[in-house]
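See structure below.
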Amino acid sequence: MIDRRVFVLSVAVFLAVSGAAYAHPVKKPVELDPRFMPQLVDISFEYEAGTLVVDPKNRFLYLAEGPGTARRYGVGVGRAGLSFTGSAVVGRKAKWPSWRPTKNMIRRDPQKYAKYADGVPGGPTNPLGSRALYLYRDGRDTLYRIHGTTEPSSIGKAVSNGCIRMLNEHVEDLFERVSVGTKVVVLE
Numbered sequence: 003m004i005d006r007r008v009f010v011l012s013v014a015v016f017l018a019v020s021g022a023a024y025a026h027p028v029k030k031p032v033e034l035d036p037r038f039m040p041q042l043v044d045i046s047f048e049y050e051a052g053t054l055v056v057d058p059k060n061r062f063l064y065l066a067e068g069p070g071t072a073r074r075y076g077v078g079v080g081r082a083g084l085s086f087t088g089s090a091v092v093g094r095k096a097k098w099p100s101w102r103p104t105k106n107m108i109r110r111d112p113q114k115y116a117k118y119a120d121g122v123p124g125g126p127t128n129p130l131g132s133r134a135l136y137l138y139r140d141g142r143d144t145l146y147r148i149h150g151t152t153e154p155s156s157i158g159k160a161v162s163n164g165c166i167r168m169l170n171e172h173v174e175d176l177f178e179r180v181s182v183g184t185k186v187v188v189l190e
């Protein structure tokens, strides 16, 4: 489990060092609500161990670990009408992934996204953060991701363009625990 003081310090150092081109500077370190810190919890739903279950309504991602238990992480999720639901699999994993806004993102907000149409290379200023799990359905990329973020204050909120955001430290932990082919269920 990550100590909250270490997280606050790591966010402050990241923001001070990055001078991020895309990152949104935060005036003071973000203090994450303790319920959004990774923790083992009892669960009432049953999924095979290793399955990822995302509960967008409550802003949690669960990694089922066995009967009645899961590792829970806090997440930021898609705004109303932009989120993914249903089943998928992790079709690909990437460390320090590159990012390109989708055509729909550019169409919805060209002033914000058109300048990134050629993509943003992986690194600390990239909106996908330090790790990404690419969600596939029927062998095709859904364009939805479970990924890190340059906006730690978005955890626990519905603010993204549909993807599932996690703190970089948390998605790095999850990245090491799952493999390509892992089943993902995103609840309605």
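Each number in my numbering comes from the position in the sequence shown (counting from 1) with 2 added on. Glycine included, each C-beta is placed from N, C-alpha and C at the ideal position.
Beta carbon of residue i nearer than 9 Å to that of residue j
i            : j                : result
threonine 71 : isoleucine 45    : yes
arginine 167 : serine 156       : yes
leucine 54   : leucine 65       : yes
serine 85    : alanine 160      : yes
arginine 58  : glycine 76       : In the sequence as displayed, the identity of residue 58 is proline instead of arginine. No; because the gap between Cβ atoms is not below 9 Å, this pair is not in contact.
valine 56    : phenylalanine 62 : yes
proline 103  : tyrosine 115     : yes
glycine 93   : lysine 185       : no
Nearest-angstrom Cα separation, counted from residue j out to residue i
i                 : j              : result
leucine 11        : arginine 73    : In this prediction, leucine 11 has a pLDDT of 38, which is less than 50 and means its spatial position is unreliable; what the coordinates show is noted afterwards. Leucine 11 and arginine 73: Cα-Cα distance of roughly 24 Å.
glycine 141       : glycine 183    : 10 Å
phenylalanine 177 : proline 126    : 17 Å
asparagine 128    : proline 36     : 26 Å
glutamate 33      : leucine 145    : 30 Å
glutamate 50      : leucine 189    : 16 Å
arginine 109      : methionine 39  : 35 Å
lysine 105        : glutamate 171  : 29 Å
aspartate 143     : valine 91      : 10 Å
tyrosine 118      : aspartate 111  : 12 Å
alanine 96        : isoleucine 148 : 11 Å
valine 187        : serine 89      : 5 Å
arginine 139      : arginine 179   : 21 Å
glycine 164       : methionine 107 : 10 Å
proline 154       : glutamine 113  : 23 Å
threonine 152     : glycine 124    : 12 Å
proline 69        : asparagine 60  : 21 Å
glycine 158       : leucine 169    : 11 Å
N- and C-terminal bounds of the beta strand (DSSP E) containing residue i
i            : result
leucine 176  : Leucine 176 -> not in any beta strand (DSSP E); alpha helix (DSSP H) instead, spanning 170-179.
proline 148  : Per the sequence presented here, residue 148 reads as isoleucine, with proline not at that position. Segment 142-149, the beta strand (DSSP E) holding isoleucine 148.
tyrosine 118 : First-last for tyrosine 118: undefined, no H or E at that position.
lysine 97    : 88-97
arginine 139 : 133-139
threonine 71 : 71-76
alanine 51   : First-last for alanine 51: undefined, no H or E at that position.
glycine 68   : 62-68
valine 32    : Where valine 32 is concerned, there is no enclosing beta strand (DSSP E), given that its DSSP letter is neither H nor E.
leucine 42   : 41-44
Nearest-angstrom Cβ-Cβ length linking residue i and residue j, presumed shorter than 8 Å
i           : j              : result
serine 132  : glutamate 67   : The Cβ separation is near 23 Å, so there is no contact.
glycine 78  : tryptophan 101 : Not quite, the Cβ-Cβ distance comes to about 16 Å (not below 8 Å), so this is no contact.
leucine 130 : glycine 150    : 6 Å
Start and end residues, alpha helix (DSSP H) containing residue i
i            : result
arginine 110 : 105-110
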